[in-house]
Amino acid sequence: MDSMDEKFMKEAIRQARKAYALNETPIGCVIVYEGKIIGRGYNRRNTDKNTLAHAEITAIRKASRKIGDWRLEGCTLYVTLEPCPMCAGAIVQSRMDRVVVGCMNPKAGCAGSVLNVLQTEGFNHQTELTTGVCQEECSGMMKSFFKELRQAKKKKGN
């Protein structure tokens, strides 16, 4: 595993922990340009009552503001969970060079699980894709979160 990929995925995991602390699904993201983080985001859908408040969308918005362009060519996006259709579409639209995924999402992932929007040849842009970086830690955080959620619902039901 590339040590830079691991370093930046750990930063995405740090963002995911912020979501976890808010009782949000723990998904975190960072965008890197020329070795520096230029955008960060974490899931805030419930907190913000906003369908669009995904980690990737927030990080893309911040990175675009920092660069001063909607095109994020030369950038790499690190995300703890495989992007959904909306986020995968936004990644393609932003012209991101590369995406690094922590763990896959077999129910809604669009970087190879359900679909592979990031590498669809018919689109005007495709991204390089690396998966499984810090997979155990990313997957473990998701499993813990949903286990706690189920236990809380069970307690509430009694």
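Using the UniProt record's numbering, read the sequence shown as starting at 1 and increasing by one per residue.
Glycine is no exception: its CB is placed at the ideal position from the N, C-alpha and C atoms.
In the structure shown, the three-state DSSP call for cysteine 87 is helix. Going by DSSP, glycine 102 is part of no alpha helix (DSSP H) but of the beta strand (DSSP E) stretching over 98 to 103. Around the beta-carbon of asparagine 124, fewer than 16 other beta-carbon atoms lie within 10 Å, marking it exposed.
Runs of alpha helix (DSSP H) with 4 or more residues, each lying fully within the UniProt domain "CMP/dCMP-type deaminase" (3 to 115), are found at 3 to 21, 45 to 48, 55 to 67 and 85 to 93, listed in chain order. Following the DSSP letters along the chain, one finds glutamate 137 inside the alpha helix (DSSP H) bounded by residues 135 to 157. Residues of the same chain with a CB within less than 8 Å of the CB of glutamate 6, apart from the 5 flanking positions on each side, are Val133 and Cys134 in chain order.
Under the DSSP assignment, glutamate 128 falls in the beta strand (DSSP E) whose first and last residues are 128 to 131. Considering only Gly140, Glu136 and Cys87, the residue with the shortest C-alpha distance to tyrosine 20 is Gly140. When Met104, Val79, Pro85 and Leu22 are compared, the shortest CA-CA separation from arginine 98 is found for Val79. Per the coordinates, the alpha-carbon of glutamate 82 lies some 6 Å from the alpha-carbon of valine 101. Comparing alpha-carbon positions, the option among Phe8, Ile31 and Leu149 lying closest to serine 64 turns out to be Ile31.
Sequence-distant Cβ neighbours of methionine 86 in its own chain, meaning closer than 6 Å and more than five residues away, do not exist here. In this structure, Asn116 is the residue among Asn116, Leu22 and Ala108 with its C-alpha nearest to the C-alpha of valine 92. If you ignore the 5 residues before and after threonine 25, its C-beta comes within less than 7 Å of the C-beta of Ala19, Asn43 and Phe145, all in its own chain and listed in chain order.
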